[in-house]
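**Student:** Residue numbers (my numbering), protein chains in the order written: chain A, 1 to 209; chain B, 1 to 209; chain C, 1 to 209; chain D, 1 to 209. Backbone N, C-alpha and C define an ideal beta-carbon position, used for all residues, glycine too. Just so you know, these numbers come straight off a predicted model, no measurement behind them. For reference, the structure I am asking about is given below.
4 protein chains.
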Amino acid sequence: MDSMSQLNKNSAGKGRNANKDKHEKILKAAIKVFAKNGFHNSKISQIAKEAGVADGTIYLYFKNKDDILIKVFEERLEEIIAEFSEILDPIEDPEQKLRVFIKLHMEMMEKNRALAEVVSVELRQSHKFMKEYVPRKFSEYLNIVSRIIREGKDKGVFRAELQPGVIKRALFGALDELVIYLVLAPKPKYDVMTLIEQSTETFIRGLKA
Amino acid sequence: MDSMSQLNKNSAGKGRNANKDKHEKILKAAIKVFAKNGFHNSKISQIAKEAGVADGTIYLYFKNKDDILIKVFEERLEEIIAEFSEILDPIEDPEQKLRVFIKLHMEMMEKNRALAEVVSVELRQSHKFMKEYVPRKFSEYLNIVSRIIREGKDKGVFRAELQPGVIKRALFGALDELVIYLVLAPKPKYDVMTLIEQSTETFIRGLKA
Amino acid sequence: MDSMSQLNKNSAGKGRNANKDKHEKILKAAIKVFAKNGFHNSKISQIAKEAGVADGTIYLYFKNKDDILIKVFEERLEEIIAEFSEILDPIEDPEQKLRVFIKLHMEMMEKNRALAEVVSVELRQSHKFMKEYVPRKFSEYLNIVSRIIREGKDKGVFRAELQPGVIKRALFGALDELVIYLVLAPKPKYDVMTLIEQSTETFIRGLKA
Amino acid sequence: MDSMSQLNKNSAGKGRNANKDKHEKILKAAIKVFAKNGFHNSKISQIAKEAGVADGTIYLYFKNKDDILIKVFEERLEEIIAEFSEILDPIEDPEQKLRVFIKLHMEMMEKNRALAEVVSVELRQSHKFMKEYVPRKFSEYLNIVSRIIREGKDKGVFRAELQPGVIKRALFGALDELVIYLVLAPKPKYDVMTLIEQSTETFIRGLKA
DNA sequence: TATGAATGAGTGTTCATTCAT
DNA sequence: TATGAATGAACACTCATTCAT
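Quick look at the structure:
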């Protein structure tokens, strides 16, 4: 299950010209810098330096600092959604599908700790993000889960009274908190595997008909 | 179950002198202002105005802006922990205990929307908080849950393989995400009751032996 | 020559009531605090604490912070002038008089390092002092020198072409710079005696007819 | 003897690019503003306005407010030292050398009143300067005098028992006090010429063997 | 007189953003 | 496109001074 290995790279076939490359370079630099210093303590000049461009250049590719954060989130999410779909779509059994989703989510976060920290922790530091951003991509991501729940209900595998719109959030919240713990705790007592097992077992049993 | 109604007030019998009152007034003003504008966009002068004191007065009661946020969190949490304990301690059945805890948590957040927003959203905007603060009170709060889980395991009500340290985080994350939804969503589709039911049923079933 | 020993104390016969005492206590505290931290880095609250009074009390005895500095200067100077006169008046020979004056000045500064630092260094940090203060007392002090010069000229001991108004300043400046050196240099290479000898010899020879 | 006329200007041939110009412009503006209001009462925004740049621009050229003051002092002093050396080095006779030095010093201060005020008065308002700054340039300047004294002693022109390290300070102190008088006194009774003559005669006679 | 809690004016510095080149 | 020098708005915090008690 090393399908996440490319999440940090440009999807093949896209990054052909200088523009795309610079856009990507800045995005990667931003993830690194945000993860290290947090959003508010990250300076545009640091990102520019890390990306090897001039400060002003960043504004040719992004509207402003908040925009960089949102784009990090959206563009990575887009890749993730595509990739997850590819893996999840062929799976028939909703229970198995959910198990795999949780595993994918946690492993991806674990493998991309910088991205994880940015998405789970720093993202909330952007007021614009929390209060103005219309979470299109994020909704799309959450809906991977709600679709699984609905399928499960339809097939009689999951309880009929479940509200997919509620469950998707509860599950995401649970996993996100575990990721934060993994990423921020100085010496985590539990490894990813344990976190995956515990959360998977609890949710699967909790949802089953 | 209206025991939360006093969470915003000073415990009766304490707030007799001006000091306590002013401290409390500033704390309340801060919650209001933080909830409205977010931590980073809140100005000390706004809090002072809202509290009806001079800017400088705030620094007689709090070390700095970060300190206000942390104190909001800690002092309210302390009250909440005390109050929850009073209600939860007499309950024998771990399952029932957990049901009541979820109910208490969600109802409290719902009733104190400003506090909820500060705790769930703005708190993470303080880097000092996220990366330096040793979450004593927060751990204490989470441990209400882990203790219930452990009791449940001991009594054979909850699964033996559960890791209380993982479950407490997963549950808190799930509830927190639902609170954020409730507080930030322009027109939430689900009411608190639904959120409580859905999360309670899922977790109880998920944890049961 | 221990006639300076009382320069830090209230003149006997004055300090009878509480007022005088407190005024004096604050003045002494101020000298200590100014010498240690410099005028601008000294806080009224520090002086109050050192003096053992409340912040507000200081304003019953002094108009403001600048006033304290000026009063330190003036009141101490007044004592010094009186004391110096007592010693210098009986001396007939202008040359001997000047020798004694230099000795008195340097020894006083050496014995009251805190006062020296305040007078020579910190005093200049008060803009009000440098630009608005009418240096009555200071003129009086300088005029001790100009009177000696004039006497010397009259008696034919000092050069006829000397301008007492210029010489008094040159001499004071020279001595003051040596005091600053003595007080601020981490490890002064010269002791007071050397400074006195060198400056005395140079000026006496320089002024002699 | 109009060699001082360029002390306020960049050495010819240097200030070609914008950086040097702006650095210089800010330095000049600072001298003006410091002289007018004193160091502590001068606002960065005033200096910026006077220099015709934005507030922030100042921080591209100077570390902070104290740094401006120190740089004013050091850079001007550097120019002065170089220029004085050029004039003094060819002079053989130590007595004549000292005469010229005093003349140069007083005339320079008289011609650059703003600089004089900053150097003699405001400099001492920077605590960082008085207590932390290692006065390399200033020592260099004072050593112009001690070198003359030493030469004089070697040639038997000045008294053998003179301590150059003491005399240089006494002389500087004397001249500095006269400058302060010249610059701060509302209506000085003496002109520069008189001050030069009086101090020169006194010191030369005082030092002679 | 004495207190000390409260006041609120005052400012150096940062850094996201712009724009002339 | 790319640069990076220049901009200037924004703000937490201090502390001399006041005044109700």
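Here's the rule I'm using: 16 or more other beta-carbon atoms within 10 Å means buried, otherwise exposed. How should D176(A) be labelled?
**Tutor:** So D176(A) counts as buried.
**Student:** Sorry if obvious, but does the Cβ on I204(D) come closer than 8 Å to a heavy atom of the ligand ZN?
**Tutor:** Summarising the ligand content, the structure contains no ligands, and the ligand ZN is consequently not present.
**Student:** Taking the CB atoms as reference points, tell me whether V206(D) and I204(C) lie closer together than 9 Å.
**Tutor:** What sits at residue 206(D) in the sequence shown is Gly, not Val. Contact flag set, yes.
**Student:** When you compare only the Cα positions, how much space is there between K65(B) and I44(B)?
**Tutor:** Rounded to whole angstroms, K65(B) to I44(B) spans 7 Å at the Cα level.
**Student:** Pull up the distance between the alpha-carbon of A35(B) and that of G52(B), whole angstroms please.
**Tutor:** For A35(B) and G52(B), the distance between alpha carbons rounds to 18 Å.
**Student:** For the alpha helix (DSSP H) holding F73(C), just list the boundary residues, first then last.
**Tutor:** Looking at the DSSP string, the run of the alpha helix (DSSP H) that includes F73(C) is K65 to L88.
**Student:** Does the count of Cβ pairs from the region 108-122 of chain D and the region 182-189 of chain D closer than 8 Å reach three?
**Tutor:** Contact holds: three or more Cβ-Cβ distances are below 8 Å.
**Student:** Scan the region 30-60 of chain C for residues whose Cβ lies nearer than 7 Å to a Cβ of chain D and list them as they occur along the chain.
**Tutor:** Flagged, chain order: G38, H40 and N41.
**Student:** Would you report the Cα separation of Y61(A) and V72(A), rounded to the nearest angstrom?
**Tutor:** So the two alpha carbons sit approximately 12 Å from each other.
**Student:** Please list, in chain order, all residues of the same chain as A120(D) whose beta carbon is under 6 Å from its beta carbon, the five residues on each side excluded.
**Tutor:** Checking the sequence shown, residue 120(D) turns out to be Ser, not Ala. Contacts found: D176, V179 and I180.
**Student:** Looking only at its own chain, which residues have a Cβ that is under 7 Å from the Cβ of A174(B), when we skip the five neighbours before and after it?
**Tutor:** S199.
**Student:** Per DSSP, which residues does F158(A) bridge with? Please list them.
**Tutor:** According to DSSP, which records beta bridges pairwise, F158(A) is partnered with K208(A).
**Student:** How long is the line joining the alpha carbons of K32(C) and L123(C), rounded to whole angstroms?
**Tutor:** Cα to Cα, K32(C) sits roughly 14 Å from L123(C).
**Student:** Could you tell me whether the Cβ atoms of K208(C) and F138(C) are closer together than 9 Å?
**Tutor:** Not closer than 9 Å, so no.
**Student:** Using a C-beta cutoff of 9 Å, does R159(B) count as contacting chain A?
**Tutor:** So yes, R159(B) belongs to the interface.
**Student:** What's the call for A82(C), buried or exposed, on a 16-neighbour Cβ count within 10 Å?
**Tutor:** Looking at its Cβ environment, which holds fewer than 16 other Cβ atoms inside 10 Å, A82(C) is exposed.
**Student:** Can you check whether the C-beta of L171(D) is within less than 9 Å of a C-beta belonging to chain C?
**Tutor:** So, interface residue.
**Student:** Would the beta-carbon of R169(D) fall within 9 Å of that of L142(D)?
**Tutor:** Yes, the pair counts as a contact, with Cβ atoms nearer than the cut-off.
**Student:** Find out if the Cβ-Cβ distance for the pair I227(A), P94(A) is shorter than 9 Å.
**Tutor:** Absent from the structure is residue 227(A), since the part of chain A shown begins at 1 and ends at 209.
**Student:** With 16 other CB atoms within 10 Å as the buried threshold, where does A48(D) fall?
**Tutor:** Buried, because 16 or more other Cβ atoms sit within 10 Å of the Cβ of A48(D).
**Student:** Can you give the Cα-Cα distance for I278(B) and L77(B), rounded to whole angstroms?
**Tutor:** Shown here, chain B extends from 1 to 209; a query on residue 278(B) therefore has no answer.
**Student:** Is V192(D) closer than 9 Å to I167(D) when the C-beta atoms are compared?
**Tutor:** For I167(D) and V192(D), no; Cβs fall outside 9 Å.
**Student:** Would the beta-carbon of L171(D) fall within 9 Å of that of I68(D)?
**Tutor:** No, the pair does not count as a contact, with Cβ atoms beyond the cut-off.
**Student:** For A160(B), which option in E110(A), G56(A) and E201(A) has the closest C-alpha, if you only look at C-alpha atoms?
**Tutor:** For A160(B), the nearest C-alpha among the options comes from E201(A).
**Student:** In three-state DSSP terms, what is V179(D)?
**Tutor:** Correct three-state label for V179(D): helix.
**Student:** Along chain D, which residues have their Cβ under 9 Å away from the Cβ of I144(C)?
**Tutor:** Under the 9 Å cutoff, chain D gives no residues; its nearest Cβ is about 16 Å from I144(C).
**Student:** Please list, in chain order, all residues of the same chain as Q46(B) whose beta carbon is under 6 Å from its beta carbon, the five residues on each side excluded.
**Tutor:** Closer than 6 Å at Cβ, skipping near neighbours: V33.
**Student:** Helix, strand or coil, according to DSSP, for K22(C) in the structure here?
**Tutor:** In this structure, K22(C) counts as helix in the three-state DSSP scheme.
**Student:** Our contact map puts K150(C) next to P164(C) with C-beta atoms below 8 Å; I'd like the distance itself, whole angstroms only.
**Tutor:** The residue you asked about is not Lys; residue 150(C) is Arg in the sequence shown. Confirmed, Cβ separation roughly 5 Å.
**Student:** On the three-state DSSP scale, how would you describe D55(A)?
**Tutor:** D55(A): helix per DSSP, three-state reduction.
**Student:** Below 9 Å on C-beta distance, what does R167(B) contact in chain A?
**Tutor:** Just to set this straight, residue 167(B) is Ile in the shown sequence, not Arg. Per Cβ cutoff of 9 Å: Q198, S199 and T202.
**Student:** I need the straight-line Cα distance from L104(C) to E50(C), nearest angstrom please.
**Tutor:** Using only the alpha carbons, I get a separation of about 29 Å.
**Student:** Do K22(C) and T57(C) have their C-beta atoms closer together than 9 Å?
**Tutor:** Yes, the Cβ-Cβ distance between K22(C) and T57(C) is below 9 Å.
**Student:** Is it right to say A54(A) is buried, meaning 16 or more other beta carbons lie within 10 angstroms of its own, or is it exposed?
**Tutor:** By the neighbour-count rule (16 or more Cβ atoms within 10 Å), A54(A) is not buried but exposed.
**Student:** Establish whether the CB of E78(D) and some CB of chain C are separated by less than 9 Å.
**Tutor:** It does not; no Cβ of chain C falls within 9 Å.
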